[in-house]
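In what follows, a structure is listed as structure tokens, so that the remarks can point back to it.
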Amino acid sequence: MGGVAVTTQAKLDAPRLRADFPIFEQQIHGKPLAYLDSAVSTHKPRQVLDKLRTFYETSYANVHRGVYTLSERATAEYEGAREKLARFINAPSAREVVFVRGATEGLNLVAYAWGLVNLGPGDLVVVTELEHHSNFVPWQYIAKRTGAELRMIPLDDSGELDLGELDSIPREGNVKVVANNLVSNALGTINPIEKLSAWAHAQGAIMVVDGAQAAPHRAIDVQALGCDFFAFSAHKMCGPTSVGALWGRRELLQSMEPFNLGGHMIRKVTFEETTWGEVPAKFEAGTQPIAEAVGFGAAVDYLNDVGVDAIEQHEHELAAYSLGKMAESPGITLYGPPADRRAGIVSFNLDEIHPHDVAQILDMEGVAIRAGHHCCQPLMAKLGVAATNRASFYLYTIPEEIDRLVEGLHKGTRAATGCSRTPTRRPTGRTRSAATRSRSSSPSARTATRSTR
Ligand SMILES: Cc1ncc(COP(=O)(O)O)c(C=O)c1O
Numbered sequence: 001m002g003g004v005a006v007t008t009q010a011k012l013d014a015p016r017l018r019a020d021f022p023i024f025e026q027q028i029h030g031k032p033l034a035y036l037d038s039a040v041s042t043h044k045p046r047q048v049l050d051k052l053r054t055f056y057e058t059s060y061a062n063v064h065r066g067v068y069t070l071s072e073r074a075t076a077e078y079e080g081a082r083e084k085l086a087r088f089i090n091a092p093s094a095r096e097v098v099f100v101r102g103a104t105e106g107l108n109l110v111a112y113a114w115g116l117v118n119l120g121p122g123d124l125v126v127v128t129e130l131e132h133h134s135n136f137v138p139w140q141y142i143a144k145r146t147g148a149e150l151r152m153i154p155l156d157d158s159g160e161l162d163l164g165e166l167d168s169i170p171r172e173g174n175v176k177v178v179a180n181n182l183v184s185n186a187l188g189t190i191n192p193i194e195k196l197s198a199w200a201h202a203q204g205a206i207m208v209v210d211g212a213q214a215a216p217h218r219a220i221d222v223q224a225l226g227c228d229f230f231a232f233s234a235h236k237m238c239g240p241t242s243v244g245a246l247w248g249r250r251e252l253l254q255s256m257e258p259f260n261l262g263g264h265m266i267r268k269v270t271f272e273e274t275t276w277g278e279v280p281a282k283f284e285a286g287t288q289p290i291a292e293a294v295g296f297g298a299a300v301d302y303l304n305d306v307g308v309d310a311i312e313q314h315e316h317e318l319a320a321y322s323l324g325k326m327a328e329s330p331g332i333t334l335y336g337p338p339a340d341r342r343a344g345i346v347s348f349n350l351d352e353i354h355p356h357d358v359a360q361i362l363d364m365e366g367v368a369i370r371a372g373h374h375c376c377q378p379l380m381a382k383l384g385v386a387a388t389n390r391a392s393f394y395l396y397t398i399p400e401e402i403d404r405l406v407e408g409l410h411k412g413t414r415a416a417t418g419c420s421r422t423p424t425r426r427p428t429g430r431t432r433s434a435a436t437r438s439r440s441s442s443p444s445a446r447t448a449t450r451s452t453r
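Residue numbers (the numbering used here): 1 to 453.
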């Protein structure tokens with residue numbers, strides 16, 4: 001074929017997409033809902049809600065059990081969803097995709113089923129200072145149980161991983177696992193998984209990727225990432241709660257012991273012993289979240305229709321817009337890398353006001369954000385705070401909502417004016433808004449100290 005192929009990415013039309021989401025038909029405190037907490041969970045479009053209802057009304061039965069028509073229909077839908085997920089992350093085979101309750105269960109599955117058998121004294125599990133507790137606590141726990149040790153890849157001053165530290169780690173033991181999120185839920189940092197996968201494999205280690213904040217927002221190719229496991233959750237990508245997926249390399253999944261034991265995951269059970277079924281059945285004990293898995297498939301259809309690249313671009317623009325606006329606003333401390341190296345997540349603190357109070361002030365304006373440690377207490381310790389505020393965006397977010405967020409922050413700042421202020425140190429990943437820096441007589445933000453969830 002002659003000529004240069006030019007692909008034009010259709011721009012996402014967020015105001016139009018909002019009409020798919022019934023939740024936006026309501027008002028909160030008399031104001032339109034500005035939902036800026038999609039990193040914790042996203043809302044559901046009619047297409048997914050309708051699919052759930054239709055499935056229950058026309059095709060529901062337990063799967064892989066009955067030989068009657070309805071069960072076969074339900075099984076076809078359930079397995080069809082698995083195929084859709086496999087295509088969505090470019091898995092070599094749908095049989096390598098295991099339905100789990102969410103990213104947390106997927107990561108626990110790997111930590112228990114792989115880690116308990118393969119880790120021991122002298123071994124190292126390498127995680128990062130950026131991990132969500134779901135990809136930190138299981139490894140810390142399994143390392144302790146097996147006598148292995150945990151090592152941390154540190155953050156640099158912009159809130160990104162400092163890979164310069166990698167060289168020293170193998171001198172301290174056998175690196176067996178590297179576990180990292182592709183996108184940080186707390187700072188929005190996009191992590192260099194391809195590099196880490198190559199490094200992990202050079203050490204003879206497996207690479208485990210927490211994809212909870214990545215799969216909803218950017219195109220995923222597990223083969224290009226070079227990882228061995230990839231976990232993600234439906235509820236963060238327009239799908240139902242209580243279902244997620246774990247992709248794993250077939251030979252690893254085959255070599256692993258099961259995680260949950262019971263019905264469906266067996267080949268043969270006698271009074272003396274049990275043998276396991278094939279992957280993925282081996283990891284799907286008991287009745288699965290069947291309708292939710294089917295709804296997950298519908299969510300993936302929806303994201304494909306919108307266009308995952310367009311979603312990524314839209315969120316990137318929103319992140320740049322909000323960082324720009326906040327940088328012009330006085331009294332804001334921003335955390336994390338510049339817009340071109342982060343996803344649609346903006347963490348910040350406001351001088352003098354505890355994050356929970358900021359979130360409450362904003363709620364009165366109809367603006368929903370998250371305030372807390374974001375299940376990243378080690379990261380909060382590194383940042384020198386107990387909590388931050390976090391605004392996170394999705395395909396239905398519009399710039400006007402960010403304007404309302406920033407206006408709400410101004411209100412909060414005006415309300416706090418006159419309070420005494422205490423200077424603080426400036427740890428990793430922090431930048432003061434330009435407007436704050438330019439007020440040279442103004443002391444900096446107080447570190448939040450109130451206990452927080
Ligand atoms: C980066 C990251 N990993 C894991 C999880 C856990 O996801 P789930 O609660 O759906 O299991 C979250 C949830 O916020 C997350 O942001």
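Yeah, the Cβ is synthetic: ideal placement off N, Cα and C, and Gly gets one too. Keep in mind that this is a model prediction, so the values were computed, not measured.
Helix, strand or coil at residue i according to DSSP, with G and I counted as helix
{"i": "residue 396", "result": "coil"}
{"i": "residue 265", "result": "coil"}
{"i": "residue 16", "result": "helix"}
{"i": "residue 337", "result": "coil"}
{"i": "residue 342", "result": "strand"}
{"i": "residue 454", "result": "This structure leaves residue 454 out entirely; the chain is present only between 1 and 453."}
{"i": "residue 403", "result": "helix"}
{"i": "residue 50", "result": "helix"}
{"i": "residue 59", "result": "coil"}
{"i": "residue 420", "result": "Because the pLDDT of residue 420 is 38, which lies under 50, any placement of that residue in the model is unreliable, and the question is left without a value."}
{"i": "residue 456", "result": "What the structure shows of the chain is the stretch from 1 to 453, and residue 456 is not part of that stretch, so it cannot be assessed."}
{"i": "residue 11", "result": "coil"}
Residue i versus residue j - alpha carbon distance
{"i": "residue 220", "j": "residue 272", "result": "44 Å"}
{"i": "residue 403", "j": "residue 12", "result": "19 Å"}
{"i": "residue 160", "j": "residue 182", "result": "12 Å"}
{"i": "residue 344", "j": "residue 138", "result": "27 Å"}
{"i": "residue 95", "j": "residue 87", "result": "12 Å"}
{"i": "residue 367", "j": "residue 320", "result": "19 Å"}
{"i": "residue 269", "j": "residue 282", "result": "13 Å"}
{"i": "residue 157", "j": "residue 142", "result": "30 Å"}
{"i": "residue 310", "j": "residue 10", "result": "7 Å"}
{"i": "residue 203", "j": "residue 176", "result": "7 Å"}
{"i": "residue 37", "j": "residue 236", "result": "10 Å"}
{"i": "residue 417", "j": "residue 381", "result": "28 Å"}
{"i": "residue 357", "j": "residue 409", "result": "11 Å"}
{"i": "residue 82", "j": "residue 411", "result": "47 Å"}
{"i": "residue 189", "j": "residue 398", "result": "22 Å"}
beta-carbon residue i near ligand 1 non-hydrogen atom, thresh 8 Å
{"i": "residue 105", "result": "yes"}
{"i": "residue 159", "result": "no"}
{"i": "residue 184", "result": "yes"}
{"i": "residue 213", "result": "yes"}
{"i": "residue 293", "result": "no"}
{"i": "residue 134", "result": "yes"}
{"i": "residue 235", "result": "yes"}
{"i": "residue 227", "result": "no"}
{"i": "residue 40", "result": "yes"}
{"i": "residue 260", "result": "no"}
{"i": "residue 180", "result": "no"}
{"i": "residue 239", "result": "no"}
{"i": "residue 307", "result": "no"}
{"i": "residue 218", "result": "no"}
Endpoints, alpha helix (DSSP H) assigned at residue i
{"i": "residue 167", "result": "Premise fails: residue 167 is in no alpha helix (DSSP H) and is neither H nor E."}
{"i": "residue 88", "result": "69-88"}
{"i": "residue 176", "result": "Where residue 176 is concerned, there is no enclosing alpha helix (DSSP H), although the beta strand (DSSP E) it sits in stretches over 174-181."}
Endpoints, the beta strand (DSSP E) within which residue i is located
{"i": "residue 312", "result": "Residue 312 -> not in any beta strand (DSSP E); alpha helix (DSSP H) instead, spanning 308-327."}
{"i": "residue 274", "result": "274-276"}
{"i": "residue 207", "result": "206-210"}
Those residues which DSSP pairs with residue i across a bridge
{"i": "residue 388", "result": "372"}
{"i": "residue 248", "result": "229"}
{"i": "residue 32", "result": "27"}
{"i": "residue 152", "result": "127"}
{"i": "residue 255", "result": "For residue 255, which the question treats as bridged, DSSP gives no partner whatsoever."}
{"i": "residue 38", "result": "DSSP output for residue 38 lists no bridge partner at all."}
{"i": "residue 430", "result": "335"}
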